[in-house]
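First the structure, in the form of structure tokens, and then the observations on it.
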Amino acid sequence: MSGDYEILTDYSKRGRERPWQRHKTNSLLLAESFARLNKLSKSDRVCNCGSSLKFNVCPNGHEKKLIWSNFCRVRLCPMCSWRRSLLVAHQIKQVAHGAVTGEDMKGKKKLSVQPRKLRWLFLTLTIKNCAGEDLPDTISQMTKAWNNFVRRKEIKAISIGWFRSLEVTQNYLQKSYHPHFHVLIGVSPSYFKGKDYLTTERISELWQSCLKVDYMPITHVRIVKGKRNVENEIKILEEKGIEVGESGFSETDLSGAAVAELAKYATKSEDFLIYNKYEYKNVDRKGKMEFLPDLESGIDEERTDESVSVLDTSLSGRRLLAYGGLLKDVWEELKATGELQDAEDDNADLVHTSDDNSKCICSVCRSNMLEELYSWVPGRHQYIKKENHQEQQ
Ligand SMILES: [Zn+2]
Ligand SMILES: [Zn+2]
Numbered sequence: 036m037s038g039d040y041e042i043l044t045d046y047s048k049r050g051r052e053r054p055w056q057r058h059k060t061n062s063l064l065l066a067e068s069f070a071r072l073n074k075l076s077k078s079d080r081v082c083n084c085g086s087s088l089k090f091n092v093c094p095n096g097h098e099k100k101l102i103w104s105n106f107c108r109v110r111l112c113p114m115c116s117w118r119r120s121l122l123v124a125h126q127i128k129q130v131a132h133g134a135v136t137g138e139d140m141k142g143k144k145k146l147s148v149q150p151r152k153l154r155w156l157f158l159t160l161t162i163k164n165c166a167g168e169d170l171p172d173t174i175s176q177m178t179k180a181w182n183n184f185v186r187r188k189e190i191k192a193i194s195i196g197w198f199r200s201l202e203v204t205q206n207y208l209q210k211s212y213h214p215h216f217h218v219l220i221g222v223s224p225s226y227f228k229g230k231d232y233l234t235t236e237r238i239s240e241l242w243q244s245c246l247k248v249d250y251m252p253i254t255h256v257r258i259v260k261g262k263r264n265v266e267n268e269i270k271i272l273e274e275k276g277i278e279v280g281e282s283g284f285s286e287t288d289l290s291g292a293a294v295a296e297l298a299k300y301a302t303k304s305e306d307f308l309i310y311n312k313y314e315y316k317n318v319d320r321k322g323k324m325e326f327l328p329d330l331e332s333g334i335d336e337e338r339t340d341e342s343v344s345v346l347d348t349s350l351s352g353r354r355l356l357a358y359g360g361l362l363k364d365v366w367e368e369l370k371a372t373g374e375l376q377d378a379e380d381d382n383a384d385l386v387h388t389s390d391d392n393s394k395c396i397c398s399v400c401r402s403n404m405l406e407e408l409y410s411w412v413p414g415r416h417q418y419i420k421k422e423n424h425q426e427q428q
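Each residue of the sequence shown is one higher than the one before, counting from 36 in my numbering.
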């Protein structure tokens with residue numbers, strides 16, 4: 036390669052590469068689909084999303100922190116979905132922490148809410164897969180069912196606070212959509228031995244009755260364990276691309292796996308960028324197989340456009356995240372004091388997704404950070420550094 040230009044490399048402290056190039060590439064594929072669907076202004080916005088990235092960089096190579104970009108905020112945009120999921124992950128941690136400790140994450144501010152000792156129940160609530168044309172109604176049915184679910188006596192008796200997010204995946208082979216809720220419920224530590232304890236079966240029955248369906252919907256219930264391996268959880272988070280910021284991560288916080296699951300906001304590009312060829316591939320050392328696209332085979336335009344159209348229509352104008360009870364009180368208080376931003380707000384700041392994004396001093400060597408600007412160069416499919424932007428030391 037020529038030494039004329041420098042390609043963006045951005046690694047977390049633990050050495051994971053931040054996937055700028057992958058998300059930018061997928062955003063461009065989405066922009067092409069919007070253009071074919073004649074949604075031209077959306078196409079333009081997504082096409083330009085993240086075309087420039089400005090970072091604060093440690094001169095000794097310790098840290099690189101995004102300080103500015105032009106994100107488009109279109110709901111399906113893969114780049115913005117990634118940024119939003121980081122924001123949501125940070126937010127859930129902040130809110131859960133506030134509910135348990137009665138303080139903000141920095142431990143500097145007392146909240147007005149009464150903190151509670153909590154254990155976390157973690158539910159996945161589903162409904163039968165549906166056809167694309169039925170997706171909007173199916174999502175509405177689920178939202179309504181949820182509102183009834185949390186008003187049921189048995190749920191009210193156990194739930195001190197809750198958080199809920201909607202995810203929609205697509206079953207590529209069956210050409211069907213799978214909307215489902217990831218739910219977090221904070222319960223009292225005595226719940227597991229108390230008279231109000233609900234079996235998975237009972238939770239399924241309640242969910243079925245709220246959905247008003249004649250089959251038993253699939254429901255998963257997990258309990259976040261009391262004894263935890265924090266180091267392992269940080270690893271899980273990092274594998275999902277969610278970094279543990281300066282504010283850290285401790286046993287009083289929500290488990291890493293739960294946060295990663297809950298932050299799976301809305302929909303992933305795999306669920307609407309459909310390729311011509313798929314094959315089973317080994318995805319880990321344990322021999323787990325997944326049905327994955329052969330990227331070389333190119334985009335199946337017809338199916339991609341159909342999926343983009345279905346998901347764009349079905350998700351637009353909806354709130355996909357919701358809080359209730361104690362978690363809602365904490366969320367609202369943190370939002371009112373500016374400690375936390377609403378990830379679904381049209382003006383959400385997708386640059387500063389955690390507390391430690393905006394510092395100008397390297398946390399490792401205390402050097403002053405330097406600004407670096409990178410631009411997406413379409414012909415090279417890479418972010419390339421603008422040399423003349425580098426500041427003098
Ligand atoms: Zn975007
Ligand atoms: Zn440094």
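The C-beta atom is built at its ideal place from N, Cα and C for all residues, glycine as well.
These figures come from a predicted structure and were not determined experimentally.
- Pairing Glu-374 with Gly-360, the inter-Cα distance amounts to about 19 Å.
- For Met-114, the CB falls within less than 7 Å of some heavy atom of ligand 1.
- With fewer than 16 other Cβ atoms from the protein chains shown falling within 10 Å of its own Cβ, Asn-73 counts as exposed.
- Look at Asn-95: its beta carbon is less than 7 Å from one of the heavy atoms in ligand 2.
- Here the alpha carbon of Ser-349 sits roughly 5 Å from the alpha carbon of Pro-171.
- Excluding five sequence positions before and after Arg-354, the CB atoms of its chain that fall closer than 8 Å to its own CB belong to Glu-379, given in chain order.
- Counting along the chain, the unbroken alpha helix (DSSP H) around Thr-136 starts and ends at 113 to 136.
- Apart from sequence neighbours up to five positions away, the residues of its chain that approach Gly-167 with a beta-carbon distance below 7 Å are Tyr-212, Glu-341 and Val-345, ordered along the chain.
- Inter-segment contact for the stretch 51 to 58 and the stretch 325 to 332 is absent: fewer than three beta-carbon pairs are separated by less than 8 Å.
- The secondary-structure analysis by DSSP pairs Ala-371 with nothing; it has no beta-bridge partner.
- Judged by DSSP secondary structure, Ser-211 falls within the beta strand (DSSP E) whose first and last residues are 211 to 222.
- Annotation for Val-109 indicates a beta carbon within 7 Å of some heavy atom of ligand 1.
- Residue environment: Leu-208 is assigned as exposed (fewer than 16 neighbouring CB atoms within 10 Å of its CB, all protein chains considered).
- Contact between the stretch 212 to 225 and the stretch 144 to 159 is present, with at least three C-beta pairs closer than 8 Å.
- For Ser-47, there is no enclosing alpha helix (DSSP H), since its DSSP letter is neither H nor E.
- For Gln-205, the enclosing beta strand (DSSP E) starts and ends at 196 to 206.
- Cβ-Cβ distances below 6 Å link Tyr-40 to Ile-419 in the same chain, with the five nearest sequence neighbours on each side left out; the list follows chain order.
- Beyond the five residues adjoining it in sequence on each side, Cys-82 comes within less than 6 Å, by CB distance, of Ala-66 in the same chain, given in chain order.
- Contact check between the stretch 178 to 185 and the stretch 241 to 259: three or more CB pairs, one atom from each, fall below 8 Å, which counts as touching.
- The three-state reading of DSSP puts Arg-154 in strand, counting E and B together.
- For a cut-off of 8 Å, the C-beta gap from Thr-136 to Val-203 is around 34 Å, too long to register as a contact.
- Going by beta carbons, Pro-252 and Ile-162 fall inside the 8 Å limit.
- A straight line joining the alpha-carbon of Cys-397 with that of Lys-99 spans about 9 Å.
- Between ligand 1 and the CB of Val-123, the shortest heavy atom gap is not smaller than 7 Å.
- Distance from the C-beta of Cys-82 to the nearest heavy atom of ligand 1 is not below 7 Å.
- Ile-42 has Ile-419 as its beta-bridge partners, per DSSP.
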